[in-house]
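Here the structure comes first, spelled out in structure tokens, and everything after it is commentary.
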Amino acid sequence: MKNIRFKNLDSSLVNSLVLYQKKFLNELNGNIFFEKEIIRNMKNKSFHTDLCLENNSIKGFLLAQKKTDFFEVYSLFVSPDLRRVGIAMTLLSNLIDRCKKEKIGKIFLEVMEFNKAAKNLYLKNNFKTYGRRDDYYKSQNKVFAAMLMKLELK
Ligand SMILES: CC(C)(COP(=O)(O)OP(=O)(O)OC[C@H]1O[C@@H](n2cnc3c(N)ncnc32)[C@H](O)[C@@H]1OP(=O)(O)O)[C@@H](O)C(=O)NCCC(=O)NCCS
């Protein structure tokens, strides 16, 4: 992948991250992080904000947080024009590498039950489904269950 790099969020990119999320508001189900929240979280070392940049434009991100002995993934997104080239795999493997470095043994996340792309991605990374929350997501006046998934690292 030409001109693609991954880096932690810094203050120069906060505004771009907010605009990027707003651009894809529907696909993110309205679940976006705003400037104040991002800046507050950036001060907290437990927050994990990994960006994929093409030249200097954001093309994907993964936001997660360390909570006691696990990480929780809050949001993961890749631009439609750059999907299926392994960007989400790299974002997840960067988080897994951080877990290993910090001796964190588990990652938890929630995924909409019919989100085949995301579910396949997590299964490919050895996440297992351990539960389900009915009527958890709302999209276009319909409700969908969330599948609860976790990865246990050895
Ligand atoms: C889910 C998402 C993050 C995947 O990003 P991506 O960079 O395209 O994923 P990758 O290229 O790293 O794909 C890795 C694996 O995921 C699975 N996958 C990805 N897209 C898929 C699709 N459209 N259909 C089926 N499986 C898919 C495959 O197993 C793929 O491996 P393969 O290409 O060897 O078959 C991306 O589609 C996206 O941003 N979707 C909208 C937001 C979203 O759903 N986020 C997750 C919320 S829990």
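So in my numbering, spot 49 of the sequence shown is number 195, and the numbers just go up one at a time. Backbone N, C-alpha and C define an ideal beta-carbon position, used for all residues, glycine too. Predicted model, so just to flag it, every value in this text is computed and none were measured.
Around the beta-carbon of A234, 16 or more other beta-carbon atoms lie within 10 Å, marking it buried.
Annotated three-state conformation of R244 is helix, per DSSP. The nearest non-hydrogen atom of ligand 1 is 6 Å or more from the C-beta of F260.
In the structure shown, V219 falls within a strand segment according to DSSP collapsed to helix, strand and coil.
For S225, the secondary structure class from DSSP, reduced to helix, strand or coil, is coil. Taking P226 as the centre and dropping the five residues before and after it, the same chain places no C-beta closer than 6 Å to its C-beta.
Taking the Cβ of G232 as the reference point, at least one heavy atom of ligand 1 falls within a distance shorter than 6 Å. Of all alpha-carbon atoms in K182, Y283, C245, E248, the one lying nearest the alpha-carbon of E256 is that of Y283.
Taking 7 Å as the cut-off, the beta carbon of L297 is found closer than this to the beta carbon of I253. Per DSSP, the beta-bridge partners of K153 are L197.
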